[in-house]
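Numbering-wise (the numbering used here), the sequence shown opens with residue 8 and increments by one. For every residue, glycine included, the Cβ atom is placed at its ideal position computed from N, Cα and C. First comes the structure, then the notes that go with it.
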Amino acid sequence: ISVQTRANRILQLLAVIRVFAPERDWDWLKHRYNRLALIAKDQREQRPLTIFSGDILDRAFKALNEVRRMGLAPDFAAAIEYRNWLMVAALMFTSLRRHNFSSLSIERHLRRNDREWCIEISAKDAKQKKAIKMPVPTVLHSHFQFYFGHVWTLMSCSWSDFRYRRTLSGVT
8 ISVQTRANRI LQLLAVIRVF APERDWDWLK HRYNRLALIA KDQREQRPLT IFSGDILDRA
68 FKALNEVRRM GLAPDFAAAI EYRNWLMVAA LMFTSLRRHN FSSLSIERHL RRNDREWCIE
128 ISAKDAKQKK AIKMPVPTVL HSHFQFYFGH VWTLMSCSWS DFRYRRTLSG VT
């Protein structure tokens with residue numbers, strides 16, 4: 008029997024007992040009902056579903072691979088979407104703090120050595136005041152190459168065009 012059913016039965020019993028024996032102290036039964044009612048309420052409250060990092064990563068890779076397979080649409084929104092999914096995937100693989108990850112700069116923090124991408128954060132920018140140097144997992148290398156080969160170029164051209172159009176319209 009569920010907790011809510013037990014609480015309801017006690018409340019019904021309490022109502023009947025108070026009619027037959029109103030002179031008696033039934034507070035103990037009322038406390039029992041209150042306790043069960045609170046437990047039942049807590050059990051009823053929907054908790055948000057836990058989303059595991061593997062599920063997020065799977066979705067990110069599906070989106071990234073789909074764009075690479077179908078080709079990047081030549082618009083700014085598609086470039087932003089690819090960049091965002093790449094950031095999600097990179098965040099899942101790196102153990103960077105939110106502040107460090109959000110302040111990553113392509114030429115200052117993200118570098119490519121001979122065959123490897125690497126994230127380097129100086130000691131002054133790290134919370135523990137120790138420099139952070141970590142390789143980007145190889146599973147992301149092809150996505151980074153696609154990003155820098157197609158997406159980044161499109162984004163910089165689109166952003167320049169956007170700023171140029173704003174300047175022409177008198178909005179700065």
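Contact check for residue 161 and residue 81: beta-carbon distance about 7 Å, within the 8 Å limit, so the pair qualifies. Within the same chain, 43, 46, 47 and 50 come within 8 Å of residue 10 by CB-CB distance, once the 5 residues on both sides are set aside.
The criterion of a C-beta distance shorter than 8 Å is satisfied by residue 126 and residue 143. Taking 8 Å as the upper bound for CB-CB distance, residue 158 and residue 86 are in contact here, some 5 Å apart. Short of 8 Å from the beta carbon of residue 150, and not among the five residues preceding or following it, lie these beta carbons of its own chain, in chain order: 71, 75, 93 and 96. According to the DSSP assignment, residue 128 belongs to the beta strand (DSSP E) that extends over 124-128. In this chain, the alpha helix (DSSP H) harbouring residue 17 covers 10-27. Selection 21, 147, 31 and 137 evaluated against residue 122 yields 147 as nearest (Cα-Cα). Comparing alpha-carbon positions, the option among 107, 21 and 136 lying closest to residue 39 turns out to be 21. Restricted to the stretch 85-119, the beta strand (DSSP E) segments that are unbroken, complete and at least 3 residues in length are 117-119, listed in chain order.
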